[in-house]
Structures are given as structure tokens and as C-alpha cells.
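Each residue of the sequence shown is one higher than the last, beginning at 1 in UniProt numbering.
C-beta atoms are modelled at their ideal positions from N, C-alpha and C, and glycine is treated no differently.
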Amino acid sequence: MSAAFITAWAGAGILVGAALAFGSQRLLTTPPIAALAMRLTATLLTALMFGALAWRFGHQFDLLPYSVLAALGVALGVIDVLEQRLPSVLVYSGVAIVGALLATSAILHSKGPDFVRALVGMAVIAILYLVLALVSGGGLGAGDVKLGGLLGLALGWLSWSALVTATVLGWFAAALVWLLVRATRRRPQGSLVPMGPFLLVGALITIVGVPG
């Protein structure tokens, strides 16, 4: 893929990230300084992800749904880090938009089985996370369950191996950070590490790294 296209799509990521960060600010209860840091971080991360996705998918239609996932995922991850919550409006918007774009891709490119696998992946991960949330006693929240459904949809479209790889990678990263936090005692006893950012990082790394 040409460097010009990757650069142009990364530039689009700056605009999308800035607009989404500005809109997401209304969902925050953090001080203005933290909100400003959130906007800058989200904008830069969105541009980076757009560039990586342009390199991965090129001019393929699938660049659109995964760019939507990246933009919303960055906003969700930043909010989860700041306030340990995943706003339902962003997660549900992701399910609706990504689902619609994947359905369109399935129709345009005769990928009906892939779309069915995506729907099954969404159901499997959502049910799995719901069970974990019920047995963990608060270790996994409702937002994580909803996010799991969104990621299951996007990853299931690629392959079952992508779904499994991203899930394992996200949980492994979360466990590693939790152990480091416990070892350094940087957080109060009993405090929880937000899962959303790790699930998103695992998913986005897998999406970019899956062979075309």
C-alpha cells in the first residue's frame, strides 16, 4: 500500500479522533485538564490506528468497519482509564455501525458465512463475559460484557483464530499489568484494573497483525 494513502488515512484519523474526543467529553466527569489530555491522546492514537489499518487493509471495504472500531475503541479505552466505565452509547453505536458495514461487505463480496461467524463470535464472547461477570463478583462489569460483544463481532468476521488470539492477548496483558501493579503496590488493596483498554489493545493488535 502506498505511503500517500496511509498518510492520508492517518490524517483522516486525526480529524475523526478529534471530533469523537470532543463529542465524548460530554460523557466525562473528570477535571478540564484531564479532559484536554484525553482529547489529545485520543486524537493521536486514532491517527496511529488509522495509519496501521490503512497499511493492513489498503483500499479494501473492510477498512471502513475496522476504522470505526478503532475510533470508538480509542475513545472507550481512554474513558475507561480515566473513569473505569465504558459508556453504552459508544459501545452500542459501534455494534450498529460496524455490524451494518460488515453486513454490507458480506453482500458486496458474497461473504455470508463470514458474517454469520461474526454474529456467532459476538454472541459467544458476550455470553462468556456475562458468565465471568456473574462469577467474578464485580471484577468484570456490564460495560466489559457489551464491549466483548462488539469485539467478538469484529474479530469473528476475520476468523475464529483471530477471535481466540485477541481474547487471550487482551487477558494476558491485563493479568501482567495487574501483577505488576500488585508487586509495586501502586494502587490501593482491592482496587480493580479496567479491562476495556486491554481487550481493545488485544483486538486491535490482532486485527492489524492478521495476514491478509
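DSSP three-state assignment for residue i, whether helix, strand or coil
i: D62; result: coil
i: L140; result: coil
i: T46; result: helix
i: V193; result: coil
i: R85; result: coil
i: T29; result: coil
Supposed close pair residue i, residue j - CB separation, criterion 8 angstroms
i: G170; j: A126; result: No, G170 and A126 are not in contact; Cβ-Cβ is about 15 angstroms, not under 8 angstroms.
i: V91; j: L147; result: 6 angstroms
i: L158; j: L199; result: Not quite, the Cβ-Cβ distance comes to about 16 angstroms (not below 8 angstroms), so this is no contact.
i: A10; j: A47; result: 5 angstroms
i: V193; j: V181; result: 6 angstroms
i: G94; j: L72; result: 4 angstroms
i: L153; j: A106; result: In fact, because the Cβ distance is near 12 angstroms, the residues do not count as touching under 8 angstroms.
Bounding residues of the alpha helix (DSSP H) (the contiguous stretch that carries residue i)
i: R182; result: W160 to T184
i: L199; result: G196 to G209
i: S110; result: Neither: S110 is in no alpha helix (DSSP H) and is coded neither H nor E.
i: V16; result: A3 to S24
CB contact flag (residue i, residue j, <8 angstroms)
i: V74; j: G23; result: no
i: T206; j: A173; result: no
i: A52; j: V208; result: yes
i: L102; j: P65; result: yes
i: L176; j: A166; result: no
i: L27; j: P113; result: no
i: V68; j: P197; result: no
i: F5; j: A54; result: yes
i: A133; j: G141; result: yes
i: G143; j: R85; result: yes
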